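K.L.:
Take any residue in the sequence shown, note its place counting from 1, add 36, and you have its number in this note's numbering. For every residue, glycine included, the Cβ atom is placed at its ideal position computed from N, Cα and C. Here the structure is a predicted model, which is why all the values come from computation and not from measurement. One structure is given below, represented as structure tokens, and several questions about it will come after.
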Amino acid sequence: MTLEDSTTYQLILRRGKVVGQAEGKVEGQVEEARRFVTRFGTRQFGPPPAAVDASLAAIADRDRLERMFDAIPTAAGWDDLLTTP
37 MTLEDSTTYQ
47 LILRRGKVVG
57 QAEGKVEGQV
67 EEARRFVTRF
77 GTRQFGPPPA
87 AVDASLAAIA
97 DRDRLERMFD
107 AIPTAAGWDD
117 LLTTP
């Protein structure tokens with residue numbers, strides 16, 4: 037029997053796939069939220085400066101990005117939007 041044939045190896049492999057898929061799903065949701073903030077923020081405030089792009093790229097909290105999206109209509113500009121907790 038090879039290592040790949042062992043039940044323990046197969047269990048670890050399956051668990052790793054499940055965890056990887058879950059992490060990928062979360063990363064995809066964050067990317068999508070960031071894309072919407074950028075898209076609709078650009079409509080409201082114009083294209084984001086490079087520093088704003090960098091700040092948005094550093095945000096990994098989907099809930100915060102969603103709050104930022106909701107704040108776009110009332111924010112004074114990109115800098116104001118980035119203060120959204």
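#1: Measuring alpha carbon to alpha carbon, tell me which residue in M37, L117, E67 is nearest D97.
#2: Under the assumption that T78 contacts M104 (Cβ atoms under 8 Å), give the Cβ distance between them as a whole number of angstroms.
#3: In angstroms, rounded to a whole number, what distance separates the CA positions of P83 and Q57?
#4: Expressed to the nearest angstrom, what Euclidean distance is found between the alpha-carbon atoms of L86 and L47?
#5: Just the Cα atoms here: how many angstroms apart are A107 and G52?
#6: Helix, strand or coil, according to DSSP, for M37 in the structure here?
#7: Relative to the C-alpha of S91, which residue among V62, R50, W114, E102 is closest?
#8: Mind pulling the alpha helix (DSSP H) runs of 4 or more residues that sit fully within the segment 42 to 100?
P.N.:
Reading from the atomic positions:
#1: Check the Cα spacing between D97 and each of M37, L117, E67: the tightest is with E67.
#2: In fact, because the Cβ distance is near 13 Å, the residues do not count as touching under 8 Å.
#3: 33 Å
#4: Sequence check: residue 86 is Ala here, not Leu. If you take the alpha carbons of A86 and L47, they lie about 45 Å apart.
#5: 37 Å
#6: Of the three classes helix, strand and coil, the one that applies to M37 here is coil, per DSSP.
#7: Nearest Cα to S91 within the set V62, R50, W114, E102: W114.
#8: 43 to 81, 86 to 94
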